[in-house]
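So the sequence shown is numbered by the working numbering: it starts at 2 and just counts up by one.
Cβ coordinates follow ideal geometry from the N, Cα and C atoms, glycine included.
This one's a predicted model, so the numbers in the text were calculated from it and none came from an experiment.
Read through the structure below, which is laid out as structure tokens, and then see the notes.
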Amino acid sequence: MTPLLENHLGGRWQSGSGAGTALFDPVRDTELVRISAAGLDLASGFAHARQHGGQALRALTYEERAGLLARIAETLQSHRDEYYDISLQNSGTVRNDTAVDVDGAIYTIGQYARWGGKLGATRWLADGPAARLGKGGEFQSGHVLTSQQGLVLCINAFNFPAWGLWEKAAPALLSGVPVVVKPASATAWLTQRMVADVIAADILPDGALSVVCGSSEGLLEALQPFDLLSFTGSADTARLLRMHDAVLRHGVRMNAETDSLNSAVLGPDATPGSDAFAALVRETVREMTVKSGQKCTAIRRVLVPQEHAGAVADAIAASLAKITVGDPRNESVRMGALASRAQANAVREGLRQLGEGARTVYAGDENALVDADMQTGAFAVPHLFAVDDADAASHVHETEVFGPAATVVPYRDPAHAFALARRGAGSLVSSVFTDDADFAEQASLELAHAHGRVHVVTPAVAKLHTGHGNVMPMSLHGGPGRAGGGEELGGLRALGFYHQRSAIQGPQALIESILGKAAHWQDIA
Ligand code: NAP
């Protein structure tokens with residue numbers, strides 16, 4: 002039998018009971034390791050995190066906590082090759098895709114270490130200047146952000162076992178909040194190994210970082226007042242968590258990152274052969290194929306002027322035809338597997354639904370997999386669809402296929418394009434490809450309210466931009482409505498979730514003293 006991974010809870014390594022759940026290599030369908038959280042005393046483990054981890058972290062200044070993050074980044078960097086190996090086995094991804102997860106994680110921690118260092122030897126944050134409340138100014142109000150005194154339970158998705166952990170843990174630990182991570186079962190191995198390496202390096206105070214691998218049973222029940230819940234996954238699970246009795250009863254603050262029908266918009270100025278046209282085609286193909294399309298930010302809908310819809314579809318299809326799919330151990334392979342058999346089945350069903358209301362422009366050859374086959378491995382080949390009547394089509398705006406699929410959607414004029422983008426009912430990101438400065442500005446502001454991020458690519462930045470789907474720690478990640486309504490990252494803005502904003506009203510000297518010892522974080526970029 003394959004080894005059972007341990008959980009780190011209550012300041013010690015513990016095995017769950019029973020045989021556990023097996024994790025598989027999605028390319029070869031071989032069993033790798035097993036996980037189990039059965040029988041763990043979650044209530045006492047969570048209490049340990051709050052009492053020991055939380056207290057010890059809060060005793061440190063932001064600068065000191067930033068120092069811990071820097072050491073975590075160093076430790077993870079020193080084990081990077083092992084993480085690539087685990088990812089190859091358990092996620093079935095090519096090296097470039099693993100980099101998005103593993104190197105993206107280390108980069109994000111490094112950024113928070115740098116920003117945290119600038120907060121200095123302080124333990125709370127000032128939010129704006131003092132305000133006079135009464136006549137004469139002797140009685141004032143000041144706003145402060147103080148560390149939450151609970152833990153954050155991070156329930157993560159399967160597609161980013163490394164980055165998904167650290168993009169949450171970095172701002173949480175910097176804020177003085179202990180972290181309990183529950184990785185998605187299918188790819189929990191990499192998360193567990195990273196936590197194990199950080200624990201072994203003895204960087205963090207006892208109780209500051211815990212990992213529970215296996216079933217989610219009992220996790221929500223162990224939450225208490227002042228705990229936080231940070232969720233990434235499907236909208237259906239988010240709905241269950243929001244309605245959970247413990248969340249409602251204790252008023253647990255919850256951040257949700259869920260699924261999203263992201264779009265790319267080709268400007269009306271961008272004719273076939275233009276630089277903006279080429280940039281949109283390149284980015285769409287990249288988004289469809291990086292991590293086999295298993296990115297919450299991936300382009301799902303390609304909104305294009307109706308007169309160019311055919312040309313866009315042909316150009317994307319021609320590029321997709323060059324993508325080799327198969328075992329990522331073969332260096333000629335550009336796109337690897339999906340994360341699991343369950344995902345392959347879900348993608349197959351999603352493709353069927355999308356195909357009901359759209360034309361198939363391109364479908365990769367399932368018989369051309371390199372060193373792999375559809376029977377053994379959890380594969381999906383790229384699929385490009387097109388609709389003719391963008392308003393009448395429904396699946397394209399509603400069904401998120403978490404795999405290498407996108408649909409070309411024609412629009413009549415800019416107002417129509419923005420309305421179609423909004424049919425996603427709130428998305429993580431929309432990107433705009435144009436060489437028209439007026440359209441770029443109009444699109445940015447029209448799309449902003451329905452998106453967490455608007456990514457504008459003009460020919461001048463076509464080679465410099467950071468990518469439609471790449472989540473940079475400097476920029477906000479999250480989106481309204483269907484995307485979950487959450488906010489993560491965005492530099493030091495991320496600390497807001499892990500702090501309580503309070504008004505302190507009192508004598509002028511008290512307010513000046515408190516604000517004087519605070520970090521004025523909004524001034525720090
Ligand atoms: P999921 O089924 O909702 O699972 C997400 C996490 O929730 C997993 O850790 C899962 O554990 C756990 N979970 C499932 N049921 C639960 C329950 N009743 N109580 C507590 N936890 C529970 O989502 P998924 O299919 O793995 O992930 C894919 C989805 O995530 C896609 O729709 C994608 O768009 C979205 N996503 C969004 C973002 C973002 O940042 N917005 C990022 C990545 C992915 P188990 O694995 O053990 O079931």
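As computed with DSSP, R72 is found in no beta bridge at all. For P306, the enclosing beta strand (DSSP E) stretches over residues 302-306. In the DSSP annotation of this structure, the continuous segment of the beta strand (DSSP E) that includes K183 starts and ends at 180-183. Here V457 is near S445, since their CB atoms are less than 8 Å apart.
Exposed is the label assigned to K518, since fewer than 16 other Cβ atoms lie within 10 Å of its Cβ. In the DSSP assignment, E32 forms a beta bridge with F25. The Cβ-Cβ distance between H245 and L221 falls below 8 Å. In this structure, the beta-carbon distance from N97 to D26 does not fall below 8 Å. Counting along the chain, M244 sits inside no beta strand (DSSP E), nor does DSSP assign it H or E at all. DSSP lists I505 as the bridge partner or partners of G143. A contact between stretches requires three or more CB pairs, one per stretch, nearer than 8 Å, and the segment 267-279 meets this requirement with the segment 301-309. When secondary structure is reduced to three states using DSSP, F232 falls in the strand class. By the Cβ-count criterion, P206 is buried, with 16 or more other Cβ atoms from all chains shown falling within 10 Å of its own Cβ. Take T94, set aside five residues on each side of it, and the residues of its chain with a beta-carbon closer than 7 Å to its own are S88, K292, P329, G337, in chain order. The ligand NAP has a heavy atom closer than 7 Å to the beta-carbon of F161.
About 16 Å separates the beta carbons of L154 and L58, which is beyond the 8 Å limit, so they are not a contact pair.
Apart from sequence neighbours up to five positions away, the residues of its chain that approach A122 with a beta-carbon distance below 6 Å are T62, E64, ordered along the chain.
Collapsing the DSSP output to three states places E83 in a helix. Rounded to the nearest whole angstrom, the CA to CA distance from T188 to R194 is 11 Å.
Minimum Cα-Cα distance from E357 among the listed residues V397, A265, G327 corresponds to V397. Rounded to whole angstroms, the gap between the alpha carbons of L355 and G234 is 21 Å. Per DSSP, S445 lies in no beta strand (DSSP E) segment; the continuous alpha helix (DSSP H) that holds it begins and ends at 438-449. Q376 sits exposed, since fewer than 16 C-beta atoms from the chains shown fall within 10 Å of its C-beta. In the pairwise beta carbon analysis, the segment 140-155 is classified as touching the segment 500-518: at least three pairs are separated by under 8 Å. Sorting L120, I36, F47 by C-alpha distance to the C-alpha of R494 places L120 at the top. Rounded to whole angstroms, the Cβ separation of D439 and T459 is 12 Å, and the two are not in contact under 8 Å. Distance from the C-beta of T233 to the nearest heavy atom of the ligand NAP is below 7 Å. Counting other Cβ atoms within 10 Å of its Cβ, L126 reaches 16 or more and is therefore classed as buried. Under the three-pair Cβ rule at 8 Å, the segment 465-475 does not count as touching the segment 410-427.
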